[in-house]
Amino acid sequence: MRRKGLFIFMAAALGAAAPAMAQTSTTDEIAKYRQLLADGNPAELWEMRGEELWKTATGPKKVSLEQCDLGKGPGVVKGAYVELPRYFKDVNKVMDLEQRLMHCRMSLQGLTREQATKTPFGSAGNPSDIEALVSYITAESRGMKMSVSTAHPQEKRAYEIGQKIFFHRGGAHDFACATCHSVDGQRIRLQELPNILNKTNAQAAYTTWPAYRVSQGEVRTMQHRLYDCFRQQRFPEPAYASDVITAVTMFLAKNADGGVYNAPALKR
Amino acid sequence: MKRIGIVLAVAVTAAGCATMAADTDYGKAALDLMKADFKSKGPATLDRIVNQDEAQRLCSEYPTERPKEVAEKIEAEQLKLVKYPADGKYLGKWQEGEKIAQNGRGMQSSDKVGSPNGGNCYACHQITKEEISFGNIGPSLYQYGKLRGQSEEILKYTWAKIYNAQAFSACSNMPRFGHKGILDEKQLKDVMALLLDPASPANK
Numbered sequence: 001m002r003r004k005g006l007f008i009f010m011a012a013a014l015g016a017a018a019p020a021m022a023q024t025s026t027t028d029e030i031a032k033y034r035q036l037l038a039d040g041n042p043a044e045l046w047e048m049r050g051e052e053l054w055k056t057a058t059g060p061k062k063v064s065l066e067q068c069d070l071g072k073g074p075g076v077v078k079g080a081y082v083e084l085p086r087y088f089k090d091v092n093k094v095m096d097l098e099q100r101l102m103h104c105r106m107s108l109q110g111l112t113r114e115q116a117t118k119t120p121f122g123s124a125g126n127p128s129d130i131e132a133l134v135s136y137i138t139a140e141s142r143g144m145k146m147s148v149s150t151a152h153p154q155e156k157r158a159y160e161i162g163q164k165i166f167f168h169r170g171g172a173h174d175f176a177c178a179t180c181h182s183v184d185g186q187r188i189r190l191q192e193l194p195n196i197l198n199k200t201n202a203q204a205a206y207t208t209w210p211a212y213r214v215s216q217g218e219v220r221t222m223q224h225r226l227y228d229c230f231r232q233q234r235f236p237e238p239a240y241a242s243d244v245i246t247a248v249t250m251f252l253a254k255n256a257d258g259g260v261y262n263a264p265a266l267k268r
Numbered sequence: 001m002k003r004i005g006i007v008l009a010v011a012v013t014a015a016g017c018a019t020m021a022a023d024t025d026y027g028k029a030a031l032d033l034m035k036a037d038f039k040s041k042g043p044a045t046l047d048r049i050v051n052q053d054e055a056q057r058l059c060s061e062y063p064t065e066r067p068k069e070v071a072e073k074i075e076a077e078q079l080k081l082v083k084y085p086a087d088g089k090y091l092g093k094w095q096e097g098e099k100i101a102q103n104g105r106g107m108q109s110s111d112k113v114g115s116p117n118g119g120n121c122y123a124c125h126q127i128t129k130e131e132i133s134f135g136n137i138g139p140s141l142y143q144y145g146k147l148r149g150q151s152e153e154i155l156k157y158t159w160a161k162i163y164n165a166q167a168f169s170a171c172s173n174m175p176r177f178g179h180k181g182i183l184d185e186k187q188l189k190d191v192m193a194l195l196l197d198p199a200s201p202a203n204k
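From first to last, the protein sequence lines stand for chains A and B.
Position 99 of the first sequence, counted from 1, bears residue number 99 in UniProt numbering, the numbering being contiguous throughout.
Position 147 of the second sequence, counted from 1, bears residue number 147 in UniProt numbering, the numbering being contiguous throughout.
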């Protein structure tokens with residue numbers, strides 16, 4: 001229903017313009033729509049719930065996540081996201097936010113892997129704790145510059161592997177990430193596609209995830225965004241919080257370096 | 001001019017080889033990671049991404065620019081793979097072709113195995129004046145048939161282009177609709193009619 005509502009809104013906006021104008025004005029209309037809702041992005045509800053979850057003692061060990069080390073030391077949430085993914089010495093690997101969160105929930109709170117990854121993507125009547133936690137953590141980096149390191153050999157490796165996956169063509173349709181995201185000004189239907197190889201585009205795209213998706217009525221994380229891209233690419237399904245997702249995220253995050261982080265945002 | 005072209009091609013090939021040693025490692029690591037972390041679901045199977053065919057492999061290796069001889073090799077090989085319609089008839093119904101051009105379903109992990117696939121042509125191409133929601137990854141096909149007519153040459157070329165886009169343009173972004181079994185012969189004929197039938201809205 002939500003999707004239909006927005007579609008009608010967009011269609012009405014489009015109807016007013018001549019067809020030739022339609023292409024550019026769609027973006028303007030979406031921008032206007034964003035502005036209408038900007039003061040009340042529903043993502044704030046996720047952020048608040050996430051903060052509560054972060055601070056609530058839970059799991060078999062009855063502890064909160066407040067001692068979780070997201071890379072800037074135990075309990076430091078402020079600014080943690082703009083430096084992720086990064087290498088973590090304690091596990092000797094590069095992790096993105098959701099992998100690290102899963103790690104903390106298992107190691108600190110004593111949850112099983114299954115419990116820690118339950119409902120990664122929420123739906124009506126079945127909210128996701130992960131989407132809420134991620135909303136809270138990412139919001140704590142708002143206004144800060146993306147500063148992702150590839151100095152550690154494993155960080156560099158994740159970036160390079162991510163780049164390979166970005167250009168990997170396969171599946172029934174021969175698509176790669178690059179098919180849609182390596183040229184300026186491309187659109188699928190009326191949806192504009194960021195060129196991830198162009199710094200300004202990569203920054204604009206990366207710094208606005210997670211986002212409250214009006215069409216889905218949920219805050220969606222970067223994990224979900226990539227999951228959805230791979231689905232449309234006709235690729236098989238990536239495992240939740242897997243290294244393949246972290247590698248691609250590393251490639252995207254590094255390309256967005258220097259951009260001012262501004263999410264959870266609001267999207268179609 | 002020709003000589004410069006050849007020298008450049010050789011230089012590009014040599015550069016490609018020089019960086020190979022370092023790249024291969026990440027390429028293999030990427031493939032291993034995909035094998036470990038992706039799972040087949042519905043029609044979207046793992047073998048489709050880890051067992052790339054030669055064109056997919058070369059296009060991944062040379063994502064943006066590629067030596068002329070690599071491109072020519074891909075195009076020649078792919079052209080050989082085109083199967084023309086058995087009955088020699090190229091045009092079906094444009095009305096059905098329009099539905100196929102609109103339909104973006106098919107072969108995603110969320111789709112049912114065996115359900116009919118769409119072509120989703122509008123995702124990348126303008127085709128008719130009526131549909132204003134079209135993408136721009138491919139060129140406009142509005143008045144495709146009106147501008148080109150229906151000669152045997154045009155029929156064969158258009159069929160082959162939809163069947164296997166890489167027969168004419170190595171590493172084209174366009175899926176190989178016939179070769180990969182995305183669209184069946186009847187569907188291909190219907191899409192042909194959308195582009196070439198004088199009664200089709202594409203040619204109005």
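Every residue gets a Cβ at the ideal spot worked out from N, C-alpha and C, and that includes glycine.
None of these values were measured; they are calculated from a predicted model.
Just the chain B side, please: which residues come within less than 7 angstroms of residue i by C-beta, in chain order?
i: A/Y205; result: The question names Tyr, but residue 205 of chain A in the sequence shown is Ala. Those do not exist, as A/A205 stays about 17 angstroms from chain B at its closest Cβ, beyond 7 angstroms.
i: A/S242; result: D37
i: A/F235; result: F38, A44, I49
i: A/T179; result: N173
Rounded to the nearest angstrom, what separates residue i and residue j at their Cα positions?
i: A/K199; j: B/D25; result: 26 angstroms
i: B/A167; j: A/L65; result: 56 angstroms
i: A/W46; j: A/S128; result: 9 angstroms
i: A/R189; j: B/C124; result: 7 angstroms
i: B/V113; j: B/M107; result: 7 angstroms
i: A/M102; j: A/T117; result: 7 angstroms
i: A/N195; j: A/P60; result: 45 angstroms
i: B/Q52; j: A/H173; result: 12 angstroms
i: B/G97; j: B/L188; result: 8 angstroms
i: B/D111; j: B/K186; result: 21 angstroms
i: B/T128; j: B/F134; result: 9 angstroms
i: A/A247; j: B/V82; result: 37 angstroms
i: B/D47; j: B/G149; result: 41 angstroms
i: B/L155; j: B/D190; result: 13 angstroms
i: A/A57; j: A/D69; result: 16 angstroms
By Cβ distance, which residues of its chain are closer than 6 angstroms to residue i, with the 5 residues on each side in sequence left out?
i: A/K267; result: A211, R213
i: A/E218; result: G122
i: A/L197; result: S182
i: A/Y160; result: Checking the displayed sequence, the identity of residue 160 of chain A turns out to be Glu instead of Tyr. Nothing meets the Cβ criterion.
i: residue 289 of chain A; result: This structure cannot settle anything about residue 289 of chain A, because the visible part of chain A is limited to 1 through 268.
Quick one: list the residues of chain A neighbouring residue i, beta-carbon separation under 7 angstroms, in chain order.
i: B/Q56; result: R169, G170, D174
i: B/Y122; result: R189
i: B/G135; result: R187, I188, R189
i: B/P85; result: Chain A residues near B/P85: none, gap ~21 angstroms exceeds 7 angstroms.
Could you work out which residues of chain B lie near residue i, taking near to mean beta carbons separated by less than 9 angstroms?
i: A/P85; result: Ordered by position in chain B, no residue passes the 9 angstroms Cβ test against A/P85, which lies about 14 angstroms from the chain.
i: A/N238; result: This sequence places Pro at residue 238 of chain A; Asn is not what is there. The contacting residues are M34, D37, F38, K39.
i: A/Q109; result: Simply none; closest approach about 25 angstroms.
Within the same chain, show all residues whose beta-carbon is closer than 7 angstroms to that of residue i, passing over the 5 residues directly before and after it, in chain order.
i: A/A132; result: W46, R49, G50, L53
Roughly how far, in whole angstroms, is the beta-carbon of residue i from the beta-carbon of residue j, given that I think they are within contact range, below 8 angstroms?
i: A/V134; j: A/A253; result: Not confirmed; about 14 angstroms, so no contact.
i: B/I49; j: A/F235; result: 6 angstroms
i: B/F38; j: A/E140; result: The pair is not a contact, with the Cβ atoms about 32 angstroms apart (cut-off 8 angstroms).
i: B/L147; j: B/A202; result: Contact doesn't hold; Cβ gap of about 10 angstroms is too wide.
i: A/G162; j: A/F251; result: 3 angstroms
i: A/K72; j: A/V260; result: Rounded, the Cβ-Cβ distance is 18 angstroms, inconsistent with contact.
i: A/R187; j: B/N136; result: 5 angstroms
i: A/T241; j: A/Q216; result: Note on residue identity: the sequence assigns Ala, not Thr, to residue 241 of chain A. Between A/Q216 and A/A241 the Cβ distance is about 20 angstroms, and since that is not below 8 angstroms, they are no contact.
i: A/A239; j: A/T207; result: In fact, because the Cβ distance is near 26 angstroms, the residues do not count as touching under 8 angstroms.
In the DSSP assignment, find the beta strand (DSSP E) that holds residue i and state where it starts and stops.
i: A/L266; result: 265-267
i: A/K93; result: 93-95
i: A/F88; result: 86-88
Please list the terminal residues of the continuous alpha helix (DSSP H) segment that includes residue i.
i: A/V219; result: Note, A/V219: premise wrong, no alpha helix (DSSP H); beta strand (DSSP E) at 218-220.
i: A/F121; result: Unbroken run through A/F121: none, as it is neither H nor E.
i: A/R213; result: Segment 211-213 is the beta strand (DSSP E) holding A/R213; no alpha helix (DSSP H) there.
i: B/S115; result: It is not in any alpha helix (DSSP H) - B/S115 carries neither H nor E in the DSSP assignment.
i: A/E160; result: 153-166
i: A/F251; result: 243-255
i: B/G106; result: Here B/G106 belongs to no alpha helix (DSSP H), and DSSP marks it neither H nor E.
i: A/G170; result: Taken as a continuous stretch (DSSP letters only), A/G170 belongs to no alpha helix (DSSP H), as it is neither H nor E.
i: B/K146; result: 144-148
i: B/E61; result: 54-61
What in chain B is Cβ-close to residue i, meaning under 8 angstroms?
i: A/A247; result: A30, L33
i: A/Q232; result: Q108
In chain A, which residues lie less than 8 angstroms from residue i when you measure between Cβ atoms?
i: B/Y26; result: R157, E160, I161, Q163, K164
i: B/E182; result: First, the residue type needs correcting, since residue 182 of chain B is Ile and not Glu in the sequence shown. The contacting residues are A172, H173.
In its own chain, which residues sit with a C-beta less than 8 angstroms from the C-beta of residue i, not counting the 5 before and 5 after it?
i: B/E75; result: Q166, A167, F168, S169, A170
i: B/P175; result: A165, I182
i: B/V70; result: L58, Y62, A170
i: residue 280 of chain A; result: No information on residue 280 of chain A is available, as it lies outside the stretch 1 to 268 that chain A covers here.
Just the chain A side, please: which residues come within less than 9 angstroms of residue i by C-beta, in chain order?
i: B/P201; result: Within chain A, no residue comes near B/P201; the closest Cβ sits about 14 angstroms away, beyond 9 angstroms.
i: B/S116; result: Note that residue 116 of chain B is Pro in the sequence shown here, rather than Ser. Residues of chain A passing the Cβ test: none, with the nearest at roughly 14 angstroms.
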